[in-house]
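Contents: one structure, followed by commentary.
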Amino acid sequence: MAITKNILVTGAGSGIGRAIAQHLSKNNYDLVLLGRNSDHLEETRNSLECPEKHQCISCDIRLSKDIAKALEKSKINSLYALVANAGIGGENNYLSNDRWHEIIDTNLTGTYNTIQESLPYLKKNKAPFKKIVILAS
405 MAITKNILVT GAGSGIGRAI AQHLSKNNYD LVLLGRNSDH LEETRNSLEC PEKHQCISCD
465 IRLSKDIAKA LEKSKINSLY ALVANAGIGG ENNYLSNDRW HEIIDTNLTG TYNTIQESLP
525 YLKKNKAPFK KIVILAS
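Quick note, our numbering runs 404 ahead of the 1-based positions in the sequence shown.
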């Protein structure tokens, strides 16, 4: 059986996530692009090699069920790799509990959720080694 080259990229709507998606598409990977803003995801897809072979799915990585639904919607059978890139930055006013929870829920819990929901898809891939790349700020 052939090894599928599906890669899930979170935070793909802009910045580093978009640049990663552009690099991977030039190397003939099939991408599932996740992010919060569907318009930004479409802009990313349109900037890729063979945009029609890549999928854009809007979701909130803070919610495991959103990631599970996104993976189901993608109709992929397995993942070759995961690039967990989604995160938020900006002013880090830790005197505000709301801001603290927003950052932790996205950058830490969201990454954990993404890995947990992706593991079954990674395990199904026939490649001898699967890859998980985590970017954090």
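Ideal placement from N, C-alpha and C gives every residue a C-beta, glycine not left out.
- Nearest Cα to residue 464 within the set 434, 539, 441 and 420: 441.
- Looking at the DSSP output, residue 535 sits in a beta bridge with 485.
- In this structure residue 525 is buried. Its beta-carbon is surrounded by 16 or more other beta-carbon atoms within 10 angstroms.
- Closest in alpha carbon position to residue 538, among 427, 491 and 449, is 491.
- When rounded, the separation of the alpha-carbon atoms in residue 439 and residue 417 is 6 angstroms.
- Counting every other CB atom within 10 Å of its CB across the protein chains shown gives residue 454 a total below 16, marking it as exposed.
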